[in-house]
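Heads up: the sequence lines are chains A and B, in that order.
Counting in UniProt numbering, the first sequence tops out at residue 358, every number present.
Counting in UniProt numbering, the second sequence tops out at residue 358, every number present.
Each remark here refers to the structure printed beneath this line.
2 protein chains.
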Amino acid sequence: MTTTEREQQVLDRIERARRRRAKVREERITLSHGSGGKATHTLIEAVFLDAFRNPLLEPMEDAAALAIGGAQLAFTTDSFVVSPLFFPGGNIGDLAVNGTVNDLAVSGSRPLYLTAGFILEEGFPVEDLLKIVDSMKAAALAADVQIVTGDTKVVQRGKGDGVYVNTAGIGVSIRSGLGVTSVRPGDAVLVSGPIGDHGVTIMLARGELDIDSDIESDTAPVHGLVAGLLAAVPGVHAMRDATRGGVATILNEVAAGAQVSVIVDENAVPVRDEVRGASELLGIDPLYVACEGRIVAFVDGTQVDTALAALRSHPLGAEAAVIGRVADDPPGLVLLNTAFGGTRIVDMLVGDPLPRIC
Amino acid sequence: MTTTEREQQVLDRIERARRRRAKVREERITLSHGSGGKATHTLIEAVFLDAFRNPLLEPMEDAAALAIGGAQLAFTTDSFVVSPLFFPGGNIGDLAVNGTVNDLAVSGSRPLYLTAGFILEEGFPVEDLLKIVDSMKAAALAADVQIVTGDTKVVQRGKGDGVYVNTAGIGVSIRSGLGVTSVRPGDAVLVSGPIGDHGVTIMLARGELDIDSDIESDTAPVHGLVAGLLAAVPGVHAMRDATRGGVATILNEVAAGAQVSVIVDENAVPVRDEVRGASELLGIDPLYVACEGRIVAFVDGTQVDTALAALRSHPLGAEAAVIGRVADDPPGLVLLNTAFGGTRIVDMLVGDPLPRIC
C-alpha cells in the first residue's frame, strides 16, 4: 500500500466517523457500555450529553470547571463497582477516594472536599464495611481532602454486590486552561509510570488467570505529582488519569477532541513484565488496561525534559516516560509505532474484556 | 401515672440514651440500616462519622457548608435505589435531581450544579434509560440547575436492579446559620403540605396493597418554596426535607441535636385520606412515611403567621400547616398530642417497613 493509499484510507475512515451521529444501537445495556471505551462513549454522547447538554458539561473532561462567587472550582464524580472489593494494594474504599482526587488533580485543581455515597447489599459484613471506611479515611488523609457529607442506602440481597461507592469532589483551580482542546501538534506525551498494574491486579484477584504474581494495584492520589509538574512546567496542556479503557482510550479522546494525531512509540511505553504477560494471556493490549495512579500528560515539546524530570522527582513518577508526540496528521487518530517496526492504528476499546475494574 | 413519675421516666430514658455510645450491634447489614431511622443513624455515627470526623461533616446536616475562595457553598449527595423505577408522579430520574436540589435548598442555598452517576445493570432497556434521563433533564430545567459531569458503570445481571442513580450537588448560600443547632424553644414547626404521599405511592406501585388510588408521589423541587419563605421570614432557624423516615425522623433529629423537645399536635398534621388509609393497613404511622417534596421548617414563634402565609403563597405550599412547637422540656424528645387527647413519645423509626423508598 502506498502512502497515498494509506492516507486516503485514513481520510475515508475519518469522514465515516464524522457522518456517524452518536446512537445507541443496542436495545439493552451490555457490559461494554461500562468499559470506558467505544460503547461507553457512544452511550454518554447519545443519551447523557444529548439530554443534559450545557457549556459546562460539553468539554467532557474528567471534571467540570465552575466559577462561583469569584472561586474557580472543579467538580467531578465517579461510582465504583470494582470486583472483588478487596485486592492487592487496595480496596474499593481507597480506590473511590483516589479516583475522585485524581479526576480533580488532572483537571488542574487542588482537591478539597469529597462526598461519599454507599449502596450496601443486605447481608454485607459490617466488619468489611469498617475496613473499607478505614481505607477511605487513610486515603483522604493522604490526599489532604475531607469527606464532608454522605449517604447510605441498602438494597435487598441479590440486588447489589456487597457495596458500591460513589464519590463526588470539589477542588479549587490551580491552573486554568488545561484540557483536550489545548493539546496541539508538537506536544510531547508522557506517562507517569508503568501502565496496567491495576487492571491486571484485579484480573488476578478474581482468579481468572492461573498466575502467581506480586503485582499490586497502583491506586494512589496523584495530586502531589500533578502539583509538582504544574509548578515546574508552564507548558502543560492537558492531563488525564488513565483508568477504564487505559492509556489508549485517553489518547483517542485527545486525538478526537483536539483533532490531532497522537503517535506513540510502543518501545517507550513502560509496562511491567507481569502486566505484559497477563495481558498476552488475556489477549488484550496493555495500552487498554486500567491504571488508578498514573497520569498521561500532554506538554509543550520544548519543555519535555523539564516535565520528565519533574515527574521523576516524585515517588509516584519515578518510572515516568515520554511515550510519544502529537502531530497534525492524520487528525483524530492514534498511531502506534510497534516494537516490530510497523505502524498501526490504536482505536478505542471495543467490548469489555475487563468488566468492573473500578 | 403522676406528672413527676412521667418526668422521671423521661429523664431515665434520656440518661440511658446518653450513656449509649453509637455501636453497630449487627454483624451484617440489614434493610433497617437503609431506613433513614434509628439503625441508619447508628450506622452513620458508628462507622462513617467515627472514621471521617471533621468539623464540616459533624453537623450532619443535609448539606455541608463550605467556604472556598470567598464563596459560601453547600455540598451534598444522595444515592437513589427506589423500586419500582417508575411510579405515579415520577421516576428515579426526577427523584434523584429533586432530592439533591432539595437538600441544597433546605440548607439555605440556591442549587446550581449537579453530578449524575449511574450504575446500570446488564440487560437494562436503553429505552427506559432514555425516559429516566429525559425526566432528569426536565427536573434540572425546573430547578434551574445544570448537570455538569457524570459517570456510568455497568454491573452484571443480578448485581443491581436496573439502575441506581447518584447525584451530588453544589449550591451557593443565600442564608447562613440555618441548622438543627439554631432551633430553640418557642419556635413553631411547620410542614409545607400533606405528608407521606411519596412513600404510599411507592408501596401501592409495588402492588403490596390491594388498593386503587389516584395518589401520586409529591416529588418536586422545593427551591422556590424555600426562597420565598426565606425572603419573607428572617426568623427561619432550620429546614429539612422529609424523605426517608418521614417527618418523625426529622423532628427527632432536631430534638436530639438542639436538645429541645418538639411537641406535635396530631390533628394539625396534614395527611391525605389515602395516605392515612394505606398507612393503617401497613401498620405504620404516616409521620414515618417519606415525602419527596415537603419541607419541615422551624421558625421563630413570633413569625409563624408570616411563615405560614409565605409557604401557602407558593403552589407547593398551598396546604402548609403549623404542626407543633419547640419547648425546653423534655430535651431530646418528640411528643405527640394525639387525636384522642393523649400524649405519646414519637421515637425514630425502628426497622424498615418501607425499604427502597428513594
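Cβ atoms here follow ideal geometry from the backbone N, Cα and C, with glycine treated the same way.
It should be emphasised that the depicted structure is a prediction, and the values quoted were computed from it without experimental measurement.
Q) Can you list, in chain order, the residues of the stretch 54-81 of chain B whose Cβ is nearer than 7 Å to any Cβ on chain A? A) The stretch 54-81 of chain B vs chain A, Cβ under 7 Å: 54, 56, 57, 63, 64, 66, 68, 69, 70, 71, 73, 75, 76, 77, 78, 79, 81.
Q. Per DSSP, what kind of secondary structure is residue 277 of chain A in: helix, strand or coil?
A. Taking the first residue of the first sequence as position 1, residue 277 of chain A is located at position 277. Taken through DSSP and simplified to helix, strand or coil, residue 277 of chain A comes out as helix.
Q) Based on Cα-Cα distance, which residue from B:246, B:273, B:339, B:269 lies nearest to residue 357 of chain B? A) In the second sequence, residue 357 of chain B corresponds to position 357, counting from 1. Among B:246, B:273, B:339, B:269, the Cα nearest to that of residue 357 of chain B belongs to B:246.
Q) First and last residue of the beta strand (DSSP E) that includes residue 344 of chain A? A) What you label residue 344 of chain A is simply residue 344 of the first sequence in a count that begins at 1. Per DSSP, residue 344 of chain A belongs to the beta strand (DSSP E) from 343-345.
Q: Give me the Cα-Cα distance between residue 126 of chain A and residue 313 of chain B, rounded to the nearest whole angstrom.
A: Residue numbering aside, residue 126 of chain A sits at position 126 when the first sequence is read from its first letter. Residue numbering aside, residue 313 of chain B sits at position 313 when the second sequence is read from its first letter. Taking the straight line joining both Cα atoms gives about 47 Å.
Q) According to a CB-to-CB cut-off of less than 7 Å, which residues of the stretch 34-53 of chain A neighbour chain B? A) From the stretch 34-53 of chain A, only 34, 40, 43, 44, 47, 48, 51, 52 have a Cβ closer than 7 Å to chain B.
Q: Let me know if residue 23 of chain A comes out buried or exposed under the rule of 16 or more other beta-carbons within 10 Å of its beta-carbon.
A: On the first sequence, position 23 is the one that residue 23 of chain A refers to. Counting Cβ neighbours within 10 Å, residue 23 of chain A comes out exposed, since fewer than 16 surround it.
Q) Closest Cβ-Cβ distance between residue 344 of chain B and chain A: below 9 Å? A) Along the second sequence, read from residue 1 onward, the residue named residue 344 of chain B stands at position 344. Taking Cβ atoms only, chain A never reaches closer than 9 Å to residue 344 of chain B, which makes this a no.
**Q.** Helix, strand or coil at residue 298 of chain A [DSSP, three-state]
**A.** Position 298 of the first sequence, counted from the start, is the residue given in the question as residue 298 of chain A. Residue state for residue 298 of chain A is assigned as strand, using DSSP reduced to three classes.
Q: Show which residues of chain B have a CB atom less than 7 Å away from the CB atom of residue 149 of chain A.
A: For this step, residue 149 of chain A is matched to residue 149 along the first sequence. For residue 149 of chain A, the C-beta contacts it makes with chain B under 7 Å involve 57, 63, 64, 75, 76, 77, in order along the chain.
Q) Expressed to the nearest angstrom, what Euclidean distance is found between the alpha-carbon atoms of residue 26 of chain A and residue 179 of chain A? A) Mapped onto the first sequence, residue 26 of chain A falls at position 26. Mapped onto the first sequence, residue 179 of chain A falls at position 179. Residue 26 of chain A and residue 179 of chain A: Cα-Cα distance of roughly 31 Å.
Q) Any residues in the UniProt domain "PurM-like C-terminal" (184-330) of chain A with a beta carbon nearer than 8 Å to a beta carbon of chain B? Which ones, in chain order? A) Here the close residues number zero.
Q) Can you check whether the CB of residue 94 of chain A is closer than 9 Å to the CB of residue 135 of chain A? A) Within the first sequence, the letter at position 135 stands for residue 135 of chain A. Within the first sequence, the letter at position 94 stands for residue 94 of chain A. Contact: yes.
Q: Can you pull the chain A residues whose beta carbon is under 7 Å from the beta carbon of residue 96 of chain B, in chain order?
A: Position 96 of the second sequence holds residue 96 of chain B. Here the premise fails: no neighbours, minimum Cβ distance about 11 Å.
Q: Output, in sequence order along the chain, the residues in the stretch 114-139 of chain B whose CB is closer than 8 Å to any CB in chain A.
A: Listed by position along the chain: 115, 116, 117, 118, 119, 120, 121, 122, 123, 124, 125, 126, 127, 129, 130, 133, 134, 136, 137.
**Q.** Bridge-paired residues (DSSP) for residue 239 of chain A
**A.** Translated into the one-based positions of the first sequence, residue 239 of chain A becomes position 239. As a beta-bridge residue in DSSP terms, residue 239 of chain A pairs with A:297.
(Q) Tell me which residues share the same chain as residue 171 of chain A and place their Cβ nearer than 6 Å to its Cβ, disregarding the 5 neighbours each side in the sequence. (A) Position 171 of the first sequence, counting from 1, holds the residue named residue 171 of chain A. 74, 104, 109, 110, 111, 112, listed in sequence order.
(Q) Distance check for residue 164 of chain B and residue 124 of chain A, CA to CA, integer angstroms please. (A) Translated into the one-based positions of the first sequence, residue 124 of chain A becomes position 124. Translated into the one-based positions of the second sequence, residue 164 of chain B becomes position 164. Each residue's Cα considered, the two are about 18 Å apart.
Q: Specify the secondary structure class of residue 54 of chain B as computed by DSSP and reduced to three states.
A: Looking up residue 54 of chain B in the second sequence gives position 54. Secondary structure at residue 54 of chain B: coil, using DSSP grouped into helix, strand and coil.
Q: Note down, in chain order, all residues in the stretch 166-178 of chain A with a beta-carbon under 8 Å from any beta-carbon belonging to chain B.
A: Within the stretch 166-178 of chain A, those residues whose Cβ lies closer than 8 Å to any Cβ of chain B are, in chain order, 166, 168, 170, 172.
**Q.** Contiguous alpha helix (DSSP H) assignments of at least 4 residues, all confined to the UniProt domain "PurM-like N-terminal" (61-172) of chain A
**A.** As far as the UniProt domain "PurM-like N-terminal" (61-172) of chain A is concerned, its whole alpha helix (DSSP H) runs of at least 4 residues are 92-106, 126-143.
Q. Where does residue 58 of chain B land, buried or exposed, given buried means 16+ other C-beta within 10 angstroms?
A. Reading the second sequence from its first residue, position 58 is the one you call residue 58 of chain B. When all chains shown are included, residue 58 of chain B counts as exposed.
Q) Straight-line CA distance for residue 192 of chain B to residue 70 of chain B? A) Residue mapping note: residue 192 of chain B aligns to position 192 of the second sequence, counting from 1. Residue mapping note: residue 70 of chain B aligns to position 70 of the second sequence, counting from 1. If you take the alpha carbons of residue 192 of chain B and residue 70 of chain B, they lie about 33 Å apart.
Q: Under 6 Å Cβ to Cβ from residue 235 of chain B, same chain only, skipping five residues before and after it: list those, please.
A: Mapped onto the second sequence, residue 235 of chain B falls at position 235. Correct list, in chain order: 299, 300, 303.
Q. How many Å lie between residue 343 of chain B and residue 82 of chain A at the Cα?
A. As a first step, residue 343 of chain B must be located in the second sequence, where it is residue number 343. As a first step, residue 82 of chain A must be located in the first sequence, where it is residue number 82. Distance between the alpha carbons of residue 343 of chain B and residue 82 of chain A: 50 Å.
Q | Where residue 272 of chain A sits in the DSSP three-state scheme | A | As a first step, residue 272 of chain A is located in the first sequence; it is residue number 272 there, counting from the start. The three-state reading of DSSP puts residue 272 of chain A in coil, since its state is none of H, G, I, E or B.
Q | the ligand NAD heavy atom lying under 8 Å from the CB of residue 219 of chain A | A | Absence of the ligand NAD is noted for the structure shown, with no ligands found whatsoever.
Q: Determine the direct distance from the alpha carbon of residue 266 of chain B to that of residue 36 of chain B, and round the result to whole angstroms.
A: Along the second sequence, read from residue 1 onward, the residue named residue 36 of chain B stands at position 36. Along the second sequence, read from residue 1 onward, the residue named residue 266 of chain B stands at position 266. The straight-line gap from Cα to Cα measures roughly 22 Å.
Q) Quick one, are the C-beta atoms of residue 190 of chain A and residue 335 of chain A less than 9 Å apart? A) Counting from 1 along the first sequence, the entry for residue 190 of chain A is found at position 190. Counting from 1 along the first sequence, the entry for residue 335 of chain A is found at position 335. Residue 335 of chain A sits away from residue 190 of chain A, with the two beta carbons spaced by 9 Å or more.
(Q) For the stretch 220-237 of chain A against the stretch 140-151 of chain A, do three or more pairs of beta-carbon atoms, one drawn from each stretch, fall closer than 8 Å, so that the two count as touching? (A) Yes, the stretch 220-237 of chain A touches the stretch 140-151 of chain A.
Q | Every unbroken beta strand (DSSP E) within the stretch 186-255 of chain A, with a cutoff of 3 residues, ordered by chain | A | Within the stretch 186-255 of chain A, the complete beta strand (DSSP E) runs of at least 3 residues are 188-191, 236-241.
Q) So residue 263 of chain A and residue 337 of chain A are in contact, right, with Cβ under 8 Å, and what is the actual spacing, rounded? A) Walking along the first sequence from the start, residue 263 of chain A turns up at place 263. Walking along the first sequence from the start, residue 337 of chain A turns up at place 337. That pair is a contact at about 7 Å.
Q. Can you give the Cα-Cα distance for residue 54 of chain B and residue 147 of chain A, rounded to whole angstroms?
A. Locating residue 54 of chain B in the second sequence gives position 54, where the first residue counts as 1. Locating residue 147 of chain A in the first sequence gives position 147, where the first residue counts as 1. When the Cα atoms are used, residue 54 of chain B and residue 147 of chain A turn out to be separated by approximately 8 Å.
Q. Which chain A residues sit within Cβ distance under 7 Å of residue 153 of chain B?
A. Indexing the second sequence from 1 puts residue 153 of chain B at position 153. At a beta-carbon threshold of 7 Å, the residues of chain A lying near residue 153 of chain B are 34, 79, 81, ordered along the chain.
Q. In terms of residues, what are the limits of the beta strand (DSSP E) holding residue 265 of chain A?
A. The residue labelled residue 265 of chain A in the question sits at position 265 within the first sequence. Looking at the DSSP string, the run of the beta strand (DSSP E) that includes residue 265 of chain A is 261-265.
Q) Do residue 227 of chain B and residue 295 of chain B have their C-beta atoms closer together than 9 Å? A) Taking the second sequence and counting its residues from 1, the one referred to as residue 227 of chain B is at position 227. Taking the second sequence and counting its residues from 1, the one referred to as residue 295 of chain B is at position 295. Not in contact: residue 227 of chain B and residue 295 of chain B (Cβ atoms no closer than 9 Å).
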